[in-house]
Amino acid sequence: MQVSANLNLVRQRITAACARSGRRAEAVTLITVSKGQPAEVVCAAAELGLSIFGESRVQEAKSKIGLCPGRLRWHLIGHLQSNKCRDAVQFFAMIQSVDSLALAQEINRWAEKSAKTMPVLIEVNVAGESSKFGYAPEKVLAELKEINALPRIELHGLMTVAPFAQDVEKVRPVFARLRELKGQCEDVLGAPLTDLSMGMSGDFEVAVEEGATIIRLGSAVLGPRAALRPAAGDP
Numbered sequence: 001m002q003v004s005a006n007l008n009l010v011r012q013r014i015t016a017a018c019a020r021s022g023r024r025a026e027a028v029t030l031i032t033v034s035k036g037q038p039a040e041v042v043c044a045a046a047e048l049g050l051s052i053f054g055e056s057r058v059q060e061a062k063s064k065i066g067l068c069p070g071r072l073r074w075h076l077i078g079h080l081q082s083n084k085c086r087d088a089v090q091f092f093a094m095i096q097s098v099d100s101l102a103l104a105q106e107i108n109r110w111a112e113k114s115a116k117t118m119p120v121l122i123e124v125n126v127a128g129e130s131s132k133f134g135y136a137p138e139k140v141l142a143e144l145k146e147i148n149a150l151p152r153i154e155l156h157g158l159m160t161v162a163p164f165a166q167d168v169e170k171v172r173p174v175f176a177r178l179r180e181l182k183g184q185c186e187d188v189l190g191a192p193l194t195d196l197s198m199g200m201s202g203d204f205e206v207a208v209e210e211g212a213t214i215i216r217l218g219s220a221v222l223g224p225r226a227a228l229r230p231a232a233g234d235p
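Numbering (our numbering), first residue to last: 1 to 235.
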């Protein structure tokens, strides 16, 4: 099975990246990005021991989660609109894409209604790309205490999506900056943050070397989405 071979290679690459940076491979959590993949692909991946899956759209996740094993955990890794917060709180074990105080407050409101505490990451647009969502780094520090004070929010750390680059060394500064920002946040809060979610299929080894505790891999594990589920009209 190709997914099995992909997974073995990914694990070898994680182990090697950790060794280069003096870290243990167990310190890195792999989230398998299943957006655009049918439920049967998720189920097959779950049989290989994968247990945490990432989705970018609440509606797609809602239709998929019920078709997959109940033991799986789901993280929202894409932009969250405020009118989808109720479902996001219901269906996801973590929301990695909190990009404003207003969104955090809305998540908190629905978590209160659901009598649950919602683990979250603050999404940071480190490179300042206009096409991406996320806090500017300096604004994270300005609003950090307010987010952390929300009673139904459990702040675990930071997340970023690095710019695409053929030469992955060009995005190393993005990951290093997020790691530095995490340290600054810890100073503000006077408490540790456990997670840095950074690194995807094209750049995860550099992210691991720079301290990622969560990596989000789609095609590197499951293969190209188009090859598994062609869009309507594709040949």
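For each residue, glycine too, the CB sits at the ideal point set by N, CA and C.
C-alpha gap between residue i and residue j, whole angstroms
i: ALA127; j: ALA162; result: 7 Å
i: VAL168; j: ALA115; result: 43 Å
i: GLU209; j: ASP203; result: 10 Å
i: ASP87; j: VAL58; result: 7 Å
i: ALA226; j: SER34; result: With a pLDDT of only 49 at ALA226, under 50, the local geometry of the prediction cannot be trusted, and the value read off the model is given with reservation. When rounded, the distance between both Cα atoms is 12 Å.
i: ARG11; j: THR213; result: 14 Å
i: LEU178; j: THR160; result: 8 Å
i: GLU186; j: SER56; result: 28 Å
i: LEU196; j: GLU47; result: 27 Å
i: THR15; j: GLY218; result: 18 Å
i: GLY36; j: ARG172; result: 28 Å
i: ASP99; j: VAL140; result: 9 Å
i: GLY66; j: GLN90; result: 12 Å
i: GLY190; j: TRP74; result: 29 Å
i: CYS18; j: ARG216; result: 16 Å
i: ALA39; j: LYS62; result: 11 Å
i: VAL221; j: GLU205; result: 14 Å
i: GLU138; j: GLN2; result: 43 Å
i: PRO230; j: ASN148; result: With a pLDDT of 37 at PRO230, under the threshold of 50, the modelled position of this residue cannot be trusted; read the value that follows with caution. For PRO230 and ASN148, the distance between alpha carbons rounds to 42 Å.
i: ILE52; j: ALA25; result: 17 Å
i: MET198; j: PHE175; result: 7 Å
i: GLY183; j: ARG23; result: 18 Å
DSSP bridge partner residues for residue i (one or two, in chain order)
i: THR160; result: Answer by DSSP bridge pairing: none, since THR160 is not bridged.
i: LEU196; result: LEU158
i: LEU217; result: THR32
i: GLY53; result: Note that residue 53 corresponds to Phe in the displayed sequence, not to Gly. DSSP output for PHE53 lists THR32 and TRP74 as bridge partner(s).
i: ILE147; result: None; ILE147 has no bridge partner.
Option nearest residue i by Cα separation, candidates the options
i: LEU103; options: LYS84, ALA17, GLU205 and HIS156; result: LYS84
i: THR194; options: GLU205, LEU222, VAL188 and LEU121; result: LEU121
i: SER21; options: LEU222, ALA207 and LEU158; result: ALA207
i: ALA45; options: SER131, ASN6, ARG13 and ALA142; result: ASN6
i: ILE31; options: GLY190, GLN96, GLY183 and SER63; result: GLN96
i: VAL124; options: LYS62, ILE77 and SER63; result: ILE77
i: GLY242; options: LEU72, THR117 and LEU158; result: Residue coverage of the chain in this structure runs from 1 to 235, which leaves residue 242 outside it and unanswerable.
i: SER201; options: GLN184, LYS182, LEU181 and GLN166; result: GLN166
i: VAL188; options: LYS145, ASN8, SER130 and ALA176; result: LYS145
i: PRO224; options: VAL28, VAL41 and PHE175; result: VAL41
i: GLY54; options: GLY70, MET94 and GLU112; result: MET94
i: THR117; options: PHE92, ALA136 and SER131; result: PHE92
i: PRO136; options: LEU101, GLU112, PHE164 and HIS156; result: The sequence shown places Ala at residue 136, not Pro. The residue with the shortest Cα to Cα distance from ALA136 is LEU101.
i: GLN81; options: PHE133, ARG23 and CYS68; result: PHE133
i: PHE164; options: SER131, ALA142, GLU143 and LEU181; result: SER131
Runs of beta strand (DSSP E) lying entirely within the region 56 to 129, each at least 3 residues, in chain order: Those beta strand (DSSP E) runs which fall completely within the region 56 to 129 and span 3+ residues are 73 to 76, 94 to 98 and 118 to 123.
Ordered list of beta strand (DSSP E) runs contained in the region 9 to 42, each at least 3 residues: DSSP runs (the beta strand (DSSP E)) wholly in the region 9 to 42: 29 to 33.
Report yes or no: do the region 147 to 160 and the region 99 to 115 share at least 3 C-beta pairs separated by less than 8 Å? A contact exists between the region 147 to 160 and the region 99 to 115.
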